[in-house]
Structure formats: structure tokens, C-alpha cells
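One structure is given below, encoded as C-alpha cells.
Protein chains: 2
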Amino acid sequence: MSDLDLVMQRLTMRGHRITETRRRVLDVLVSMPAHFTVDDVLRQLPDVGRATVFRMMKLLQDLNVVCRVLMEDGSLHYRLSTRGHHHHLVCRDCGKVEDFSNCDVSSLVQQLAASTEYEIEGHWLEVYGRCSTCRALEGTAVGA
Amino acid sequence: MSDLDLVMQRLTMRGHRITETRRRVLDVLVSMPAHFTVDDVLRQLPDVGRATVFRMMKLLQDLNVVCRVLMEDGSLHYRLSTRGHHHHLVCRDCGKVEDFSNCDVSSLVQQLAASTEYEIEGHWLEVYGRCSTCRALEGTAVGA
DNA sequence: CTTATAACTGATACTTAGTATCATGTCAGA
DNA sequence: TCTGACATGATACTAAGTATCAGTTATAAG
Ligand SMILES: [Zn+2]
Ligand SMILES: [Zn+2]
Ligand SMILES: [Zn+2]
Ligand SMILES: [Zn+2]
Numbered sequence: 001m002s003d004l005d006l007v008m009q010r011l012t013m014r015g016h017r018i019t020e021t022r023r024r025v026l027d028v029l030v031s032m033p034a035h036f037t038v039d040d041v042l043r044q045l046p047d048v049g050r051a052t053v054f055r056m057m058k059l060l061q062d063l064n065v066v067c068r069v070l071m072e073d074g075s076l077h078y079r080l081s082t083r084g085h086h087h088h089l090v091c092r093d094c095g096k097v098e099d100f101s102n103c104d105v106s107s108l109v110q111q112l113a114a115s116t117e118y119e120i121e122g123h124w125l126e127v128y129g130r131c132s133t134c135r136a137l138e139g140t141a142v143g144a
Numbered sequence: 145m146s147d148l149d150l151v152m153q154r155l156t157m158r159g160h161r162i163t164e165t166r167r168r169v170l171d172v173l174v175s176m177p178a179h180f181t182v183d184d185v186l187r188q189l190p191d192v193g194r195a196t197v198f199r200m201m202k203l204l205q206d207l208n209v210v211c212r213v214l215m216e217d218g219s220l221h222y223r224l225s226t227r228g229h230h231h232h233l234v235c236r237d238c239g240k241v242e243d244f245s246n247c248d249v250s251s252l253v254q255q256l257a258a259s260t261e262y263e264i265e266g267h268w269l270e271v272y273g274r275c276s277t278c279r280a281l282e283g284t285a286v287g288a
């Protein structure tokens with residue numbers, strides 16, 4: 001089943017309607033790169049209301065099919081993802097994203113719990129770097 | 145030397161002026177709890193211009209005496225801190241913050257680098273939980 | 001102590017991200 | 001096909017932050 005079908009299914013399962021607008025927005029979302037903003041979406045759907053897209057992003061978050069990526073400057077971008085809790089490894093050059101959750105955050109958290117007496121209940125982690133493709137390109141770049 | 149003196153020193157060292165407004169804003173900042181917003185500051189200094197406080201927060205970031213705390217909802221708060229790169233452990237109940245940097249993020253980063261072929265250049269980590277004080281209080285809370 | 005001037009300030013207007021309201025439109029089941 | 005709850009778009013609003021600009025002030029050279 002495609003991500004798109006999955007979203008449709010979850011929508012109806014929860015009593016939400018499949019409208020023409022929702023279908024159009026979803027079509028745009030699946031065509032988007034790894035992460036995007038609401039304005040990226042609006043630019044491709046000028047006749048769709050701003051509030052509608054924001055409402056939809058919130059809905060999709062409730063349905064656990066989008067997450068938010070924290071950029072290094074502190075701004076938040078959206079990303080289609082049907083994973084539960086996970087983290088992002090974002091390429092600074094091309095914006096490509098790797099989701100990961102099989103990480104060793106838990107050991108870090110245990111260290112912290114021991115040294116601080118906090119009871120730890122959540123965390124947010126984003127990692128930034130450059131993907132192999134972009135690193136390979138750098139060597140051959142004009143002027144490099 | 146107090147944090148406040150340190151800031152003054154760094155300001156003059158970089159050719160910035162010590163003005164009455166800056167002194168007043170700094171006084172408020174050091175009196176603030178672990179993290180705060182610009183509007184928290186403005187509420188205590190109604191005659192200081194909004195832009196001035198934002199300008200000052202940016203300046204203080206350049207001087208490495210404030211950092212930003214990512215709250216769980218995605219909003220950013222400010223925090224006075226003269227540390228370099230570090231992370232936050234934020235109490236969900238009282239807002240208390242522990243800075244930490246002696247963490248095991250580097251091993252996590254190495255794992256990631258090995259499994260993804262990304263060259264890793266940065267990260268952002270925030271941890272949320274409840275401090276020992278708030279946990280102790282819970283047991284004695286009315287109605288608990 | 002002046003004075004020149006670069007730095008600083010506050011007001012205002014603007015931007016970006018997101019929420020609230022509300023009249024109109026439409027999906028989907030009876 | 002009827003109907004009402006759900007969805008939509010326009011509009012206006014909030015919150016965080018930036019840009020502009022005319023007026024003020026710190027500071028250091030004289
Ligand atoms: Zn995790
Ligand atoms: Zn890349
Ligand atoms: Zn606490
Ligand atoms: Zn670190």
C-alpha cells in the first residue's frame with residue numbers, strides 16, 4: 001500500500017472525509033522533497049486556502065503520517081513519515097533526510113538520569129551533515 | 145566575575161557600547177528563570193522597544209552568552225549561558241534546566257556515520273523530564 | 001570640556017508561521 | 001435526494017522576528 005493510500009485509510013477510519021482538496025494537497029505532499037514548508041505547498045496550490053493546508057498538516061500529525069524536522073536555524077519543516085518516534089539526519093547541502101530510531105539515545109538518557117536525578121520522559125534529536133553524494137560532488141565541483 | 149560583568153566585558157571588547165538600555169535589559173535577563181521569551185522581558189520593560197530586545201538577543205548569541213532552548217512544542221526560548229555547545233535537560237513541570245555537554249552524543253554520531261555514510265557536522269539535542277523536586281512534590285500533591 | 005560621529009534606540013511597518021472565526025460549500029450516509 | 005456535520009477559503013488575528021528610518025547618546029579625539 002502506498003503512503004497515500006495509507007493516509008486515505010487512516011482519514012476515513014477516524015471519520016474524516018476524503019475531499020477533493022485533501023486529495024490535491026496529498027498529491028503535492030508526496031511529490032515534495034524530503035522536507036518542506038507549508039508555503040512550499042501553497043506555491044503549488046495557489047487556489048487552496050492557507051488555513052486549509054495548516055489544518056491538514058495538523059491533522060496529518062495526529063494521524064502520525066508527518067513529522068517536523070528542526071533545521072539548524074531553529075525553523076521547523078514538515079516531512080512525510082509514517083514512522084513513530086524517530087530522529088533525522090539532514091544533509092546540509094541537498095536537504096536529503098535519513099530517519100533513524102535504532103540509535104543509542106537510550107544509553108545517553110540513562111547516563112543523564114543517573115547524573116541528574118531527573119526522570120527522563122522525552123527527547124528531541126536532530127543531526128546535520130553531508131551525504132555521500134554531496135561529498136563526492138564536492139571533489140569535482142567547478143572552482144574547487 | 146559575574147555573568148553580567150562578563151557580558152559587559154565582551155561587549156566593549158567587540159566595540160559595542162554599554163548603554164543604559166542594555167544595562168537594564170541585562171539586569172532583567174539575569175533575574176529571569178531558566179528560560180524565557182522576548183515577551184517575558186518586554187513585560188518587565190514596557191518602555192523598551194521590541195526591536196531593541198530582539199537585537200540584543202541576537203547580539204548576545206554572537207557573544208556566546210545566550211542559547212536557545214527548544215521546547216517540546218517546537219517553540220524556542222532563550223537562556224543565559226556562557227557555555228559553548230551544549231544540550232538541555234528541561235523539567236516539564238517547573239521549567240528548570242540542566243545544561244550538559246559531557247554526554248555520549250559522539251558515540252551515537254559515530255554509529256550514524258558508519259551506517260549512513262554521512263559526514264556528520266552538527267547536532268541538536270534536547271531532553272525532557274521531571275526534576276527530583278517536582279517528583280517529590282507529586283507524592284504530596286493535593287488530590288494525588 | 002567640546003564636539004563629531006558611529007552606534008544605538010524606539011516607532012512603525014513588514015514578514016513568516018500559525019490560529020480563530022465565520023459564512024459558504026460539499027461529502028456521505030439515511 | 002436530502003440533510004447536517006464536516007470541510008473550505010477569506011479574513012483577521014497572534015507570535016516571533018526583521019527592516020527601515022529619523023532621532024538620541026556614548027565615546028574618544030581634540
Ligand atoms: Zn529516539
Ligand atoms: Zn546531500
Ligand atoms: Zn521541576
Ligand atoms: Zn553535544
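The listed protein sequences derive, respectively, from chains Z and S. Everything in the first sequence is counted per my numbering, starting at 1 for the first residue and increasing by one. Everything in the second sequence is counted per my numbering, starting at 145 for the first residue and increasing by one. In this text, a Cβ means the ideal position worked out from N, Cα and C, and glycines have one as well. Keep in mind it's a predicted model, so treat the numbers as computed, not measured.
Outcome for residue i when other beta-carbon atoms lying within 10 angstroms are tallied against a minimum of 16
i, result
"residue 56 of chain Z", "buried"
"residue 225 of chain S", "buried"
"residue 216 of chain S", "exposed"
"residue 198 of chain S", "exposed"
"residue 150 of chain S", "exposed"
"residue 253 of chain S", "buried"
Residues that residue i contacts on chain Z, provided the C-beta gap is smaller than 8 Å
i, result
"residue 265 of chain S", "92, 128, 129, 130"
Proximal chain Z residues relative to residue i, where beta-carbon distance stays under 7 Å
i, result
"residue 248 of chain S", "107, 108, 111"
"residue 218 of chain S", "68, 76"
Enclosing beta strand (DSSP E) for residue i [first to last residue]
i, result
"residue 283 of chain S", "It is not in any beta strand (DSSP E) - residue 283 of chain S instead sits in the alpha helix (DSSP H) that spans 276–284."
"residue 100 of chain Z", "97–100"
Within chain S, partners of residue i - CB distance below 7 Å
i, result
"residue 100 of chain Z", "256"
Proximity test, Cβ basis, 8 Å: residue i and chain S
i, result
"residue 117 of chain Z", "yes"
"residue 135 of chain Z", "yes"
"residue 89 of chain Z", "yes"
"residue 144 of chain Z", "Because the pLDDT at residue 144 of chain Z is just 47, under 50, the model does not fix this residue reliably, and the value given afterwards should be weighed accordingly. Chain S, which has no Cβ nearer than 8 Å to the Cβ of residue 144 of chain Z, makes this no."
Proximity winner among the options, relative to residue i (alpha-carbon distances)
i, options, result
"residue 3 of chain Z", "Z:110, Z:83, Z:70", "Z:83"
"residue 179 of chain S", "S:282, S:203, S:239, S:229", "S:239"
"residue 23 of chain Z", "Z:45, Z:33, Z:39", "Z:45"
"residue 62 of chain Z", "Z:102, Z:14, Z:70, Z:97", "Z:14"
"residue 149 of chain Z", "S:218, S:210, S:145", "Beyond the ends of chain Z as shown, which are 1 and 144, falls residue 149 of chain Z; an answer cannot be given."
"residue 134 of chain Z", "S:259, S:275, S:264", "S:264"
Cβ of residue i within 8 Å of any chain Z Cβ
i, result
"residue 150 of chain S", "no"
"residue 269 of chain S", "yes"
"residue 157 of chain S", "no"
Span of the alpha helix (DSSP H), counted from its first residue to its last, around residue i
i, result
"residue 23 of chain Z", "20–31"
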